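Down below is the structure, laid out as structure tokens.
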Amino acid sequence: MIRWIRQQLGFDPPHQSDTRTVYIANKFPQHGHYIPQRFADNRIISSKYTIWNFIPKNLFEQFRRIANFYFLIIFLVQLMIDTPTSPITSGLPLFFVITVTAIKQGYEDWLRHKADNEVNGAPVFVVRSGSLVQTRSKNIRVGDIVRVAKDETFPADLVLLSSDRAEGTCHITTASLDGETNLKTHYAMPETAVSQSVSRLESLQAVVECQQPEADLYRFVGRITVTQQGEEIVRPLGPENLLLRGARLKNTKEIFGVAVYTGMESKMALNYKCKSQKRSAVEKSMNTFLIIYLGILLFEAILSTILKYAWQAENKWDEPFYNQKTDQERNSSQILKFISDFLAFLVLYNFIIPISLYVTVEMQKFLGSFFIGWDLDLYHEESDQKAQVNTSDLNEELGQVEYVFTDKTGTLTENEMQFRECSINGIKYQEINGKLVPEGMTEDSPDGSVPCVSREEELFLKAVSLCHTVQISYDQTDGPGDPFSRANGFSPQMEYYASSPDEKALVEATKRMGVTFIGSHGETMEIKTFGKAEKYKLLHVLEFDANRRRMSVILQKPSGEKVLFTKGAESAILPYATSGEIDKTRVHVDEFALKGLRTLVVACRHFSADEYQEVDRRLHEARTALQQREERLVEVFNFIEKDLELLGATGVEDKLQDKVQETIEALRLAGIKVWVLTGDKHETAVSVSLSCGHFHRTMNVLELVQQKSDHECAEQLRRLARRIKEDHVIQHGLVVDGASLSLALREHEKLFMEVCKNCSAVLCCRMAPLQKAKVVRLLKTSPEKPITLAIGDGANDVSMIQEAHVGIGIMGKEGRQAVRNSDYAIARFKFLAKLLLVHGHFYYIRIATLVQYFFYKNVCFITPQFLYQFFCLFSQQTLYDSVYLTLYNICFTSLPILVYSLFEQLVHPHVLQSKPALYRDISKNSLLSFKTFLYWTFLGFCHAFVFFFGSYVLMGEDTTLMGNGQMFGNWTFGTLVFTVMVITVTLKLALETHFWTWMNHFVTWGSIAFYFIFSLFYGSIIWPFLHTQDMYFVFVQLLSSGSAWFAIIIIVVACLFPDVIKKVFYRHLQPTSTQKSQFIEAYQGIGCVDSMCCFSEGQNACSRLGRLVERMMGRCDPAQATRSWSDSDTFFSNDQSILTLSPMEVSHC
């Protein structure tokens, strides 16, 4: 327990040496003084607080806020000195704010703990004491032997010991780590691979020595020492022997592995960024405004203190006859008296800093976040998943995004490859109902009949179904056996697994067309060609590599003939082809690429007996060479893969998610730049970028790839910068790979950023997880400080999601790590458009108005108090009763702004989605700019002066305005000012409200009514627990005066009328795009027309309804009735593509 506490506090690091020694099954040496190393436990922690540090850590974070810290100081001052107001007026609101915020943040962190507990409590099987026992994931220790079954994820980083296969291999997918969905083969050492039972593993004597944990997913250095019959056998360990936490076991019944890295030391966890407190731009603006208001407060307090002593320089005011000083007061220090008076004025004016602003903001964020989860447009019916909010502190940040960084696999795509087209012998084919049909023709053979195929077509299909490394899994089969005996035809339990998703899609396509790959066993591959079984002997596999960009197999046909089948990129096959329709195939490949399809070219070569003997001899020599083996293999491969007969080409589509192209286009129109960051290959990433609309066909795509040195990288960057300057009319896209990015960020960061910012779209491929985070940080910390958003679905995206201002997880097929570590989670990429363009827009305008309004109403509140001091000799007399001081922000003016901040909509959601350019109106924190802040502050001071001097002029000269001749007093004057103020600030918010609901009406008029009812109730009863009864019958007397009512009406109108004039003036002379949309929505029925468009035959209905509305309004304009925006509208010109009723908009509806 003590060790655990020391580790949590950071005093006792788990490990200190450069390497770690792991004794398998924790069989430590029995001789000598062996001290076992200390390792982390297997718990994953994504939460921020623990039960021990919640209170101090949360209080520290809350008192980092200027307003909270300021009110704490004020509260302490009120406790220490005699002040005009009670300590309760500051302490109670502060306690309420701190408590509500702590409850909200505690609840959100409890949800994270809950998610962590699900992962840490997952059941696992470990070998202990000679038996297989079930325990929880968090209880795994370094050295434990863990059993993992098919389709389970690895609970820790394991070194593979054995599998259910005799050779000790297994297949895994690392989609949740690096985004790659292809199968990877991992290997066990021959000495441990034979230990396939618990008893054999228990008797295993072995030690693993390896490096300490590091974040690199692709690097692992270690060795295993196995003791057999007293002899030690040492074998090297590399990445191919390590099974990473978060990866999933595929096509293998079970494996046994020893845990070497656990919990937060696993490579998956090390790729998570440390969780930091994200703060929105609005909150930073609030803190800036609070500092300014703190300056105003200090100025008023210092000025009041100085004027007090200047006034009291005359003896008649310093010690009037009715307020004689005591001897102690006469002899006290002048400096202490000055400080005491200054602090007293500070307390008197302290309400200019709105303590309730923070609690209202917290409530608005917390309650407003439920709207995202309740939005049915963000609900995905197929997976039964709704949008999820993990933190509500960043709602308004959704309306400020300037850069979107997105993963590709599983985020933009469905992670599913689909065969689309092919070219065979110079003829293009499409798949129709499982049959190959030449382009332009329809399928005419009846179902069930054997299709008539040519020799070229059959050879092409056989080449595709045999030239691969695909494996087959039989779900209902537990033991090993001959797959051919189970597969008379294609079994529904048969599932293909491939190292490349393209290979799987192609083999499945040939199966649909009648050439079915049944399986391979040893050196035999079997296919069924239209029901006829054929067995081929696999002689050699020429593996794929990045330089050759092709792979080949050499097979022996049932007739005994030797044949080579090869497939690869067109640039790697076509130059070596000597026969076949080369030119036509090249044209078809270009056409496939223009459609965004992933292309492969297929060819073959027939060997004579002598040719094959030469090939076999050369391959054997190269593969058994001890020196320069790789170079010799490349030479032999090039010798074999020549004089090819071209068979054709394939076009495979990585299926995009629904409406990805429309979403990216909408984000672009909204002024948001989209960067794609992926771990995929260069060609794959570019192809998907083209198909999803990230890169346009007319875009000039620049490349920064395969850079080898700093100098070479700098030269290429300069060339790209020159090209961009010379071609300023054309849009540019940039492709960067991971290695080149590392060089660019090392010494040429400024140049790289200049190139990137001048590109409309950027694609980064072959990215490691932490590189993604570095790119996001690079943009975040650039001089412009743009707001960034990262979206992804796998564990490889977690660091990027945590680094960005806003992190969004996709609930995809790659686990839940991204969702658990994100700020928001959605089921599909297409939901991002509404999340930003609608919810982000609404959240931002609501909270921006909330913040400005709070400062405005507090200036209105406290400035009359300051002005009043000029009329009471700066005696620190309060203008308002203490109950009014306390309840002004808590009761009288709190609900209208809260309801406004929950429901306000400047324009209809349909308009926001159909006109993404409206998002630009609120970008760059425009509604919280310094100019806007000064306007609201100036307005507050103006209204405060009108409240005070209006009441003074109307009632100060003649205080005998009551019917019975009674005079108005100090409290009556203060109550009149307070009454005018409550009505004016409430009606000011009503003027700002555009979207009225019954709740807005209820709280707006209800707040004014509540103030009157409360004041009547409070002032008409003698309260026995109050020390003073200053307000007794004051409010009743005030309302009994007709002059008071006249004053209230005159002052309220005088305050608000100029504001109304200003609004009308600006709306007609300098309207924003949003205000134009409001006008169109209000006067042309766009909201109604938009709704009609979402039904079948909606366009006709739109036209009819539009003409009807125009006729009723006397402005029948067919061009406007069909909802085509005219050229005179000052929207962005490229908006026109989705503003009219285009196919894209119809599909969106």
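Residues 434 to 1582 (the working numbering) are what the sequence shown spells out, left to right. Don't be surprised by glycine CBs; every beta carbon is placed ideally from N, CA and C. Source: prediction; values computed, not measured.
The way I'd put it, the segment 690-702 doesn't touch the segment 1263-1281; fewer than three beta-carbon pairs between them come closer than 8 Å.
By the CB criterion at 7 Å, G1001 and R1019 fall outside the cutoff.
Rounded to the nearest angstrom, the gap between the Cα atoms of E849 and T606 is 14 Å. Three or more Cβ pairs closer than 8 Å define a contact, and the segment 771-789 meets that threshold against the segment 508-524.
In the structure shown, the three-state DSSP call for I1157 is helix. With a cutoff of 7 Å on beta-carbon distance, A931 and F852 are scored as not near each other. K460 sits exposed, since fewer than 16 C-beta atoms from the chains shown fall within 10 Å of its C-beta. Approximately 18 Å separates the beta-carbon atoms of E835 and K1207; this is outside 8 Å, ruling out the contact.
Note on geometry: alpha-carbon atoms of T999 and T962 lie some 19 Å from one another. Relative to the Cα of K1092, the nearest Cα in the group I951, S1124, H1272 belongs to S1124. Separation of E1047 and H1053 (C-alpha to C-alpha, rounded to the nearest whole angstrom) is 10 Å. Leaving aside the five residues that flank F1468 on each side, the residues in its chain whose CB is nearer than 7 Å to its CB run, in chain order, T1408, S1448, L1449, G1452.
Per DSSP, V510 is one residue of the alpha helix (DSSP H) stretching across 499-513. The residues F508, Q511, L512, in chain order, have a CB closer than 8 Å to that of P520 in the same chain once the five nearest residues on each side in sequence are set aside. Around the C-beta of E994, fewer than 16 other C-beta atoms lie within 10 Å, and the residue is accordingly described as exposed.
M1244 places its beta carbon 7 Å or farther from that of K1205. With distances taken between CA atoms, L1222 lies nearest to V837 out of L1422, V837, E936.
Counting C-beta pairs with one atom in each stretch, the segment 1067-1083 and the segment 891-903 have three or more that are closer than 8 Å, which means they touch. Per DSSP, D542 is not a residue of any beta strand (DSSP E); the alpha helix (DSSP H) it occupies stretches across 521-553. Assignment of H1181 by DSSP, reduced to helix, strand and coil, places it in the coil class. Exclusion of the five residues before and after Q1149 leaves L1137, Q1140 as the residues of its chain whose Cβ lies within less than 7 Å of its Cβ.
As the crow flies, the alpha-carbon of F1040 is around 11 Å from that of E1074. The beta carbons of Q538 and N491 sit about 6 Å from each other, so the pair counts as a contact at 8 Å. For A1477, the uninterrupted alpha helix (DSSP H) run begins and ends at 1475-1502, by DSSP. By the Cβ criterion, the segment 718-726 is not in contact with the segment 660-675, since fewer than three pairs of Cβ atoms, one from each stretch, lie closer than 8 Å.
Under the rule that a run must span 4 or more residues, the alpha helix (DSSP H) segments found entirely inside the segment 1015-1099 read 1015-1027, 1042-1057, 1062-1073. When S1384, C1192, I865, M1186 are compared, the shortest CA-CA separation from I1163 is found for C1192. Bounds of the beta strand (DSSP E) holding D1170 are 1165-1170. Taking 7 Å as the cut-off, the beta carbon of T454 is found closer than this to the beta carbon of E642.
Per the coordinates, the alpha-carbon of Y620 lies some 5 Å from the alpha-carbon of T602. Under the 10 Å beta carbon count, T1326 is surrounded by 16 or more other beta carbons and is classified as buried.
Excluding sequence positions up to five before and after A1477, its CB lies within less than 8 Å of the CB of M1388, L1394, L1409, L1471, all in the same chain and listed in chain order. Boundaries of the alpha helix (DSSP H) harbouring M1233: 1231-1236, taken from the DSSP string. Linking T660 to D1049 through their CA atoms gives a straight-line distance of about 39 Å.
It is roughly 33 Å from the alpha-carbon of A702 to the alpha-carbon of E1187. Annotation: the continuous alpha helix (DSSP H) that includes T1408 extends over 1403-1425.
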